[in-house]
Amino acid sequence: RTVALEDWSLTPLNEEAKLGARRLARCLQKLGFKVRFSAFRVVNVLAVCSMPFAVHLVDFTKNNRPIASYEPELHPAATYRIKNLKATVQVFSTGSLTVTGPNVQSVASAVEYVYPLLYECQKPRCK
Amino acid sequence: CIIVYKIYNGTYQGDRVIDVGSEWRTFSNEKALKDPSRVGDAQNPLLNGGDLTTMISRGTGAASFDEFGNSKYQNRRTMSSSDRAMLNAFKEISTMADRINLPRNIVDRTNNLFKQVYEQKSLKGRANDAIASACLYIACRQEGVPRTFKEICAVSRISKKEIGRCFKLILKALETSVDLITTGDFMSRFCSNLGLPKQVQMAATFIARKAVELDLVPGRSPISVAAAAIYMASQASAEKKTQKEIGDIAGVADVTIRQSYRLIYPRAAELFPPDFKFDTPVDKLPQL
Numbered sequence: 001r002t003v004a005l006e007d008w009s010l011t012p013l014n015e016e017a018k019l020g021a022r023r024l025a026r027c028l029q030k031l032g033f034k035v036r037f038s039a040f041r042v043v044n045v046l047a048v049c050s051m052p053f054a055v056h057l058v059d060f061t062k063n064n065r066p067i068a069s070y071e072p073e074l075h076p077a078a079t080y081r082i083k084n085l086k087a088t089v090q091v092f093s094t095g096s097l098t099v100t101g102p103n104v105q106s107v108a109s110a111v112e113y114v115y116p117l118l119y120e121c122q123k124p125r126c127k
Numbered sequence: 001c002i003i004v005y006k007i008y009n010g011t012y013q014g015d016r017v018i019d020v021g022s023e024w025r026t027f028s029n030e031k032a033l034k035d036p037s038r039v040g041d042a043q044n045p046l047l048n049g050g051d052l053t054t055m056i057s058r059g060t061g062a063a064s065f066d067e068f069g070n071s072k073y074q075n076r077r078t079m080s081s082s083d084r085a086m087l088n089a090f091k092e093i094s095t096m097a098d099r100i101n102l103p104r105n106i107v108d109r110t111n112n113l114f115k116q117v118y119e120q121k122s123l124k125g126r127a128n129d130a131i132a133s134a135c136l137y138i139a140c141r142q143e144g145v146p147r148t149f150k151e152i153c154a155v156s157r158i159s160k161k162e163i164g165r166c167f168k169l170i171l172k173a174l175e176t177s178v179d180l181i182t183t184g185d186f187m188s189r190f191c192s193n194l195g196l197p198k199q200v201q202m203a204a205t206f207i208a209r210k211a212v213e214l215d216l217v218p219g220r221s222p223i224s225v226a227a228a229a230i231y232m233a234s235q236a237s238a239e240k241k242t243q244k245e246i247g248d249i250a251g252v253a254d255v256t257i258r259q260s261y262r263l264i265y266p267r268a269a270e271l272f273p274p275d276f277k278f279d280t281p282v283d284k285l286p287q288l
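Chains as they are written, first to last, in full-length UniProt numbering: chain P, 1 to 127; chain X, 1 to 288.
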């Protein structure tokens with residue numbers, strides 16, 4: 001059972017993901033392992049996107065108290081966990097976001113969900 | 001402790017109250033250090049499950065020692081078995097707090113937090129010391145005198161990573177949240193550790209606050225900003241401290257102070273408080 005981490009810069013399509021996984025399986029086969037390709041499943045999707053504005057993390061965390069968590073000593077980003085979508089958004093003060101979720105739809109909806117909250121706390125406006 | 005019976009209005013209405021204070025019948029005017037009538041240790045009702053233990057003191061006669069010279073009747077075989085781990089943790093918390101001279105109220109808060117977490121059992125697999133350290137961190141935060149993770153690390157055997165993990169888990173388990181740290185929380189501690197006078201401390205506090213307000217240091221940890229502010233303030237005054245010294249006290253790397261300092265240096269003139277006496281004028285401040 002192998003877990004494959006794939007990096008893509010293209011629009012993600014399930015077929016492409018599967019092809020990538022097949023390529024990986026071929027590499028493993030060449031290394032000498034016995035490989036059987038079965039039950040391909042996308043488990044986790046990680047997306048990076050960038051807001052056109054910088055975000056004031058302190059205000060963002062204060063407005064979204066229990067859901068958002070910001071520990072500057074531990075990690076420079078504020079983490080926002082969306083329970084019903086099961087997605088996590090990490091917001092950096094530059095305005096870039098890292099979104100992780102179980103599938104592509106949840107990641108997309110997470111970005112849409114979080115955008116108005118970030119818009120409220122943009123840098124030139126808040127501070 | 002004694003048992004008090006109350007009788008009301010001729011009708012016998014037995015009321016039983018267990019008074020856990022000292023024995024009433026000691027008529028001594030001086031507050032003797034040892035209370036001879038008290039039996040057993042003061043109860044800690046908030047924390048213990050109410051333990052009534054029997055302790056065997058060291059024997060004095062010949063009969064109490066067996067053939068090897070060890071005392072025959074061992075002490076504390078079964079002492080509050082259900083809470084032994086908790087008592088151990090309290091002891092550890094007390095030791096850690098003692099190392100950084102934390103007041104009693106923080107220790108009590110830590111103990112309470114630990115008890116809540118322990119009873120919930122959601123973090124049962126984690127090392128008790130890790131949970132204790134994280135509780136200590138949370139207690140300091142809640143009391144308004146936060147300690148950096150590195151400071152807690154210094155008095156604990158647990159790594160910063162693990163304390164951080166436990167910290168997040170505990171906040172989730174107890175469903176509480178803590179206030180965000182600010183630069184001002186650490187100023188008095190760092191400055192007094194460095195031996196800087198009050199003027200410099202106030203200047204550094206002002207500089208750090210202004211720097212955050214003007215957003216000159218986005219994304220920087222408040223500790224790093226505070227360290228850079230202290231550096232700037234001390235370099236402008238008579239008591240100059242090196243970056244290494246400040247980094248040592250604050251637990252911040254040399255280069256980190258340098259980075260933050262580079263960000264606040266361009267607008268140094270606006271950052272100083274208006275009534276500050278400069279030993280070294282602003283244009284003569286070191287440029288790194």
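Think of the CB as a built atom: it goes at the ideal place given N, C-alpha and C, for glycine as much as any other residue.
Contact annotation: the segment 139–159 of chain X does not touch the segment 242–249 of chain X, with fewer than three C-beta pairs closer than 8 Å. The C-beta separation of S224(X) from V200(X) comes to about 18 Å, leaving the pair out of contact by the 8 Å criterion. In this structure D185(X) is buried. Its beta-carbon is surrounded by 16 or more other beta-carbon atoms within 10 angstroms. Close partners of S93(P) in chain X (Cβ separation under 8 Å): P218 and G219. Per DSSP, the beta bridge partners of A87(P) are I82(P).
CA-to-CA, the gap between V212(X) and A228(X) works out to about 12 Å. Close partners of F149(X) in chain P (Cβ separation under 9 Å): E71, E73 and L74. C-alpha of P274(X) to C-alpha of D283(X): approximately 16 Å in a straight line. Within 9 Å of the CB of R65(P), the CB atoms of chain X belong to S177, in sequence order along the chain. By the neighbour-count criterion, in which a residue is buried when 16 or more other Cβ atoms sit within 10 angstroms of its Cβ, Y119(P) is exposed.
Here the alpha carbons of P281(X) and A127(X) stand approximately 52 Å from one another. Between A233(X) and I264(X), the CB-CB gap reaches or exceeds 7 Å.
Sequence-distant Cβ neighbours of V117(X) in its own chain, meaning closer than 8 Å and more than five residues away, are L123, I131, C135, I170, A173 and L174. Cβ-Cβ distances below 8 Å link G195(X) to E239 in the same chain, with the five nearest sequence neighbours on each side left out; the list follows chain order. Each residue's CA atom was taken as its position, placing T256(X) and R65(P) some 29 Å apart. A distance below 7 Å between beta-carbons, with the five flanking residues on each side excluded, links Q287(X) to the following residues of its chain, in chain order: Y265. Looking at V104(P), Y113(P), A68(P) and S50(P), the one whose alpha-carbon comes closest to that of V58(P) is A68(P).
CA-CA distance, F90(X) to S260(X), rounds to 39 Å. Rounded to the nearest whole angstrom, the CA to CA distance from K30(P) to V111(P) is 40 Å. Separation of I181(X) and I249(X) (C-alpha to C-alpha, rounded to the nearest whole angstrom) is 18 Å. Distance from the CA atom of K160(X) to the CA atom of S221(X), rounded to whole angstroms, is 16 Å. Within the same chain, I93, C135, L136 and A139 come within 6 Å of T110(X) by CB-CB distance, once the 5 residues on both sides are set aside. For V99(P), there is no enclosing alpha helix (DSSP H); the enclosing beta strand (DSSP E) has its first and last residue at S96 to G101. Across the segment 42–68 of chain P, CB contacts with chain X closer than 7 Å involve A54, V58, T61, R65 and P66, in sequence order along the chain. One alpha carbon belongs to G101(P), the other to V89(P), and they sit about 9 Å apart. DSSP, read as helix, strand or coil, puts Q287(X) in coil. For C49(P), the uninterrupted beta strand (DSSP E) run begins and ends at V45 to S50, by DSSP. By the Cβ neighbour-count rule, G32(P) is exposed, with fewer than 16 other Cβ atoms within 10 Å of its own.
Here DSSP, grouped into helix, strand and coil, assigns S69(P) to strand.
Going by C-alpha positions, A54(P) is about 5 Å away from K123(P).
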